[in-house]
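Read top to bottom, the protein sequences are chains H and A. For the first sequence, my numbering assigns the number 1 to the initial residue and increments by one for each residue that follows. For the second sequence, my numbering assigns the number 1 to the initial residue and increments by one for each residue that follows. Scroll down for the structure; my scribbles are underneath it.
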Amino acid sequence: MSVTNGNRRNGGPRPGRPVDLSVECGGIRSPNPFWLASGPPTNTAGQVMRAFDMGWGGAVWKTLGDPITNTASRYGAIDYQGRNVAGFNNIELITDRPLDVNLREIAEVKRRYPGHAVVASLMVGSRDEWQDIIRRTEDTGCDGFELNFGCPHGMCERGMGSAVGQEPRVLEEITGWAMEFSSIPVLVKLTPNITDILDPAMAAQRGGASGVSLINTIKSVIRIDHDTFSPIPSVAGQGTSGGYCGPAVKPIALHMVTRLGKAPEFRLPVSAIGGIHTWEDALDFVLMGASSLQVCTAAMHYGFRIVEEMARGLEEWMREKGYARIEEFRGRALPNYEEWGDLDLNYRIVAEIDPATCIGCQLCYAACEDGAHQCIALPAGTRVPRVKPDECVGCNLCQLVCPVEGCITMVEVDNGLPRESWNDRVAKGTAGAGGRH
Amino acid sequence: MTLASDRVETRLPDLKPALTEAQARAEAARCLFCHDAPCVAACPTAIDIPLFIRQIHSANPVGAARTIFEANSLGHSCARVCPVEVLCVGDCVYNHKGEPPIMIGRLQRYATDHVVHAGLQLFEPGSSSGRAIACVGGGPASLACAHELVRLGHRAVVFEKSAWPGGLNTDGVAPYKMQAEESMAEVAWLSEIGIEWRLGVEVGRDVPWLELEREFDAVFLGVGLGGDAPLGIPGEELPGVWGATRLIEAIKTGREVDPASVYAAVVIGGGNTAVDAARELRLLGVPDVRLVYRRGPESMPAYEHEREHAIAEGVGFTWRAVPVAFEGDGRVQSVRLTTVDRGFQPVGVPFSLAADLVAIAAGQGRLVDLLAAIPGAIDHEGGRVRVDPRTGRTSNPRYWAGGDLANGGAEVVNAAAEGKRAARGIHAWLARNGGPE
Numbered sequence: 001m002s003v004t005n006g007n008r009r010n011g012g013p014r015p016g017r018p019v020d021l022s023v024e025c026g027g028i029r030s031p032n033p034f035w036l037a038s039g040p041p042t043n044t045a046g047q048v049m050r051a052f053d054m055g056w057g058g059a060v061w062k063t064l065g066d067p068i069t070n071t072a073s074r075y076g077a078i079d080y081q082g083r084n085v086a087g088f089n090n091i092e093l094i095t096d097r098p099l100d101v102n103l104r105e106i107a108e109v110k111r112r113y114p115g116h117a118v119v120a121s122l123m124v125g126s127r128d129e130w131q132d133i134i135r136r137t138e139d140t141g142c143d144g145f146e147l148n149f150g151c152p153h154g155m156c157e158r159g160m161g162s163a164v165g166q167e168p169r170v171l172e173e174i175t176g177w178a179m180e181f182s183s184i185p186v187l188v189k190l191t192p193n194i195t196d197i198l199d200p201a202m203a204a205q206r207g208g209a210s211g212v213s214l215i216n217t218i219k220s221v222i223r224i225d226h227d228t229f230s231p232i233p234s235v236a237g238q239g240t241s242g243g244y245c246g247p248a249v250k251p252i253a254l255h256m257v258t259r260l261g262k263a264p265e266f267r268l269p270v271s272a273i274g275g276i277h278t279w280e281d282a283l284d285f286v287l288m289g290a291s292s293l294q295v296c297t298a299a300m301h302y303g304f305r306i307v308e309e310m311a312r313g314l315e316e317w318m319r320e321k322g323y324a325r326i327e328e329f330r331g332r333a334l335p336n337y338e339e340w341g342d343l344d345l346n347y348r349i350v351a352e353i354d355p356a357t358c359i360g361c362q363l364c365y366a367a368c369e370d371g372a373h374q375c376i377a378l379p380a381g382t383r384v385p386r387v388k389p390d391e392c393v394g395c396n397l398c399q400l401v402c403p404v405e406g407c408i409t410m411v412e413v414d415n416g417l418p419r420e421s422w423n424d425r426v427a428k429g430t431a432g433a434g435g436r437h
Numbered sequence: 001m002t003l004a005s006d007r008v009e010t011r012l013p014d015l016k017p018a019l020t021e022a023q024a025r026a027e028a029a030r031c032l033f034c035h036d037a038p039c040v041a042a043c044p045t046a047i048d049i050p051l052f053i054r055q056i057h058s059a060n061p062v063g064a065a066r067t068i069f070e071a072n073s074l075g076h077s078c079a080r081v082c083p084v085e086v087l088c089v090g091d092c093v094y095n096h097k098g099e100p101p102i103m104i105g106r107l108q109r110y111a112t113d114h115v116v117h118a119g120l121q122l123f124e125p126g127s128s129s130g131r132a133i134a135c136v137g138g139g140p141a142s143l144a145c146a147h148e149l150v151r152l153g154h155r156a157v158v159f160e161k162s163a164w165p166g167g168l169n170t171d172g173v174a175p176y177k178m179q180a181e182e183s184m185a186e187v188a189w190l191s192e193i194g195i196e197w198r199l200g201v202e203v204g205r206d207v208p209w210l211e212l213e214r215e216f217d218a219v220f221l222g223v224g225l226g227g228d229a230p231l232g233i234p235g236e237e238l239p240g241v242w243g244a245t246r247l248i249e250a251i252k253t254g255r256e257v258d259p260a261s262v263y264a265a266v267v268i269g270g271g272n273t274a275v276d277a278a279r280e281l282r283l284l285g286v287p288d289v290r291l292v293y294r295r296g297p298e299s300m301p302a303y304e305h306e307r308e309h310a311i312a313e314g315v316g317f318t319w320r321a322v323p324v325a326f327e328g329d330g331r332v333q334s335v336r337l338t339t340v341d342r343g344f345q346p347v348g349v350p351f352s353l354a355a356d357l358v359a360i361a362a363g364q365g366r367l368v369d370l371l372a373a374i375p376g377a378i379d380h381e382g383g384r385v386r387v388d389p390r391t392g393r394t395s396n397p398r399y400w401a402g403g404d405l406a407n408g409g410a411e412v413v414n415a416a417a418e419g420k421r422a423a424r425g426i427h428a429w430l431a432r433n434g435g436p437e
């Protein structure tokens, strides 16, 4: 029986099926996987309801706790190649509104949008405070909690936020309190400002959490004003470290989601956060096992309507691939993720330049000559570079820097050698220095 | 010296207006930063274009201007008047990609405007050599030569027979590319380094060549071409019949031409001067402007992009026709023409075109008499001075030459390159203490 038939029998890919984007993450259900992450876009009922009207499936409310005072300014951004906000940082803290106002608004949103996921992000200190805020917030009818153990600025100095997320023992203990007091699902939001994300994730699991959400922002200094010498964002000429997010952090977040997806001992669902701007970013996280997706910077940059592109893009891809439900392909790329030591060292590819589409910029030459392995030549009388196939190491840097889509392809070379990884060589006792990195 | 503020040229628009900072940085971001970039190879002054564009992109317009001026001291006017379509922009690799090439000229203008309009001086005179060089002719070649000489530590004195400096940059460039004031601003900015001017002084008439040779260690000839060549046909002396460069000079420097009184204009010629004159008249509001050329469009020496602009602006063309007489009662009223075959022999029936203004762009004379008046022989070919291609030196050991006088009529950028080349040649010769090559 072919794989295709097997898949069909099991409800696998079949183009043309109606697409259902609804998901469930740690017991929290939503009509689509796109949630607004806890942050400025989820500060008020007005914002959240408008977002739901525009198509967001859920929202994690701006963190509740003891109202704080914020600074002006609060945000910094990196512009890259003429596009602004490629990377974004902030020193804004949790909600600055009274708890009872927030709770009243959460209840109102939940009453008007019963089918959408409304998750309350929480951050307080003592066991009593956790008990109190969980009890009061649960009364709003919200669908779950997210424990903010990730905020890297302002709150950690008060023993909260990433101060908790960086201490697995404390994280586990507080998660345990939350589980004790809560009758609804609890997600633990993790900080990336640690060595191995698995440590706090396992602590959350031991504490009994329903799931984890990651990543919170990355500790950062985004840039310095070259006239005033103040770090940005500048508060009366002074600045401080803030949380980094936006498109630039997506690969870091994807790595951490992958790390959890590959760890057999970790079994909790994951709500993925970090630089999601398009449906393709979103899909990457789902393919690495995420059950729901949280977005903040993109909504802050372009407004709520970006969800339309994300949802439609994902739907279109699912239609094309024949998937009816997200669960059918969630984690689909995880089996293809291997540790370096298990990759095939005998696999060979070489670059091929299509002279018909080459525009002669010679960026591939410069990149290979200066930044890689000197495998591209510049023949006289033409601006089209030539790959030296016997010397090309198949690194694909040339393909990455080429500005013409499809001009440089990496072509498989059959060298007749069987698959052999570094670990295979170690096992056979034939490993030399060639595999170290 | 200031020119009248209500010169006719001021009624013409700037067809390639300045880019805003945002526009410039966005355009700069598109540049691929080619290896061994074709745009640099296409520039007669070999400006490091990818570098200055990258400097614009990284918010360093002063650095960008420095890169430009290091290669070409006339980078400010070249940004406006260069036929970039057939030079740098024409060779941009984007042309092979089916995408608009980088707007190199306008980016260059952005950088040089930033420095010249702010009056920032980027260069200093070299330590004094005690030597002095006379630069004869106040146009781009002499200016580039003088600027380089002063940077190398020599005294440079420019002799210009007209009342204003800048040569064709001031009185010959199409006003929709650059107006006289911009040229004069460039001259003033460049001269601040220490270039001395003798305006209204014609060497050979007001100052004998021998006196120049006594006072100066070397002489640079940058006198350009002679006046408009006449056709030698009846009626050429009628009021309303102009030499094309004279007409353009009048438009650029004063109020002598009244476009509102012209209903029909005929321009004779097929070169860039003819097209410039026709476009200027048309853009000044002359309803009927017709260019008459003795060959077909495929043989027109004018740049194709200039002809396309002329067509788009409503200039008419009459191909394979030559004027045989200008007719009119007291002033020109019509042009008598005949169609010609490929051997320029009359064919068909003669015809007339109404014209209350005629511009003759049949080339310019050569300054053979001027050359003959110089003591000691200067080799030339019909007025085009022969120079050593490495040093710009003429057959007379005390004389160097560059610009239209030596290249027979080319672009400002060629004059800039040749003026600088001669300065280096003179400097090397002086360094050898005036010894033999």
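Using N, Cα and C, we set each Cβ at its ideal position, and we do this for glycine too.
The three-state secondary structure of phenylalanine 285/H, taken from DSSP, is helix. Residue contact check for proline 346/A against chain H: no CB pair falls below 9 angstroms. Distance check between alanine 244/A and each of Cys145/A, Leu32/A, Gly363/A and Val340/A places Gly363/A closest, using alpha-carbon atoms only. Taking the Cα positions, phenylalanine 52/A is about 12 angstroms away from glycine 105/A.
Under the 9 angstroms criterion on CB atoms, proline 355/H is classed as non-interfacial with respect to chain A. By the neighbour-count criterion, in which 16 or more other beta carbons inside 10 Å mark a residue as buried, tryptophan 197/A falls on the buried side.
Looking at the DSSP output, glutamate 160/A shares a beta bridge with Leu199/A. In the three-state reduction of the DSSP assignment, tyrosine 302/H falls in the helix class, which pools H, G and I. Within 10 angstroms of the beta-carbon of glutamine 345/A lie fewer than 16 other beta-carbons, which makes it exposed. With a contact defined as Cβ atoms closer than 8 angstroms, alanine 415/A and glycine 139/A qualify at about 7 angstroms. Bridge pairing for isoleucine 102/A: absent [DSSP]. For aspartate 206/A, the number of other beta carbons within 10 angstroms of its own is below 16, and it is reported as exposed. In summary, the residues of the region 350-377 of chain H whose CB is separated from some CB of chain A by less than 7 angstroms are Ile359, Gly360, Cys361, Gln362, Leu363, Tyr365 and Ala366, in the order they occur in the chain. Per DSSP, the continuous beta strand (DSSP E) segment holding proline 346/A begins and ends at 346-354. If you ignore the 5 residues before and after aspartate 288/A, its C-beta comes within less than 6 angstroms of the C-beta of Ala264, all in its own chain and listed in chain order. In the displayed model, arginine 425/H falls within a helix according to three-state DSSP. Runs of alpha helix (DSSP H) with 4 or more residues, each lying fully within the region 212-292 of chain A, are found at 244-253 and 272-283, listed in chain order. For leucine 187/H, the three-state secondary structure derived from DSSP is strand.
Taking a Cβ-Cβ threshold of 7 angstroms, the residues of chain A close to valine 404/H are Lys97, in chain order. At least one CB atom of chain H sits nearer than 9 angstroms to the CB of tyrosine 94/A. Within the region 75-106 of chain H, the runs of beta strand (DSSP E) at least 3 residues long that lie entirely inside it are, in chain order, 75-80 and 83-90. Taking 9 angstroms as the cut-off, the beta carbon of valine 173/A is found no closer than this to the beta carbon of valine 413/A.
The beta carbon of glycine 204/A sits closer than 7 angstroms to the beta carbons of Leu370 and Ala373 from its chain, once the five residues preceding and following it are set aside; these are given in chain order.
Unbroken beta strand (DSSP E) stretches of 3 residues or longer found wholly inside the region 295-355 of chain A: 316-318, 321-327, 334-340 and 346-354, given in chain order.
Near chain H, meaning a CB-to-CB distance below 7 angstroms, the residues of the region 11-29 of chain A are Arg25, Ala26 and Ala29. Those residues of the region 34-56 of chain A placed with their C-beta closer than 9 angstroms to a C-beta in chain H are Cys34, His35, Asp36, Ala37 and Pro38, ordered along the chain. Counting along the chain, valine 387/A sits inside no beta strand (DSSP E), nor does DSSP assign it H or E at all. Against chain A, the CB of glycine 161/H has no partner CB under 9 angstroms away; the residue lies outside that interface. Distance from the CA of cysteine 88/A to the CA of valine 286/H, rounded to the nearest whole angstrom, comes to 47 angstroms. Out of Ile251/A, Arg393/A and Glu70/A, the CA that lies nearest to the CA of proline 175/A is found in Ile251/A. Following the DSSP letters along the chain, one finds lysine 250/H in no beta strand (DSSP E) but inside the alpha helix (DSSP H) bounded by residues 250-262. If the five residues before and after histidine 301/H are omitted, its C-beta is found closer than 7 angstroms to the C-beta atoms of Val85, all from its own chain and listed in chain order. Checking the DSSP bridge columns, you'll see asparagine 148/H partnered with Lys189/H. Between the alpha carbons of arginine 348/H and alanine 372/H lies a distance of about 17 angstroms.
Counting every other CB atom within 10 Å of its CB across the protein chains shown gives leucine 343/H a total below 16, marking it as exposed. In the three-state DSSP reduction, proline 140/A falls in the helix class (H, G or I).
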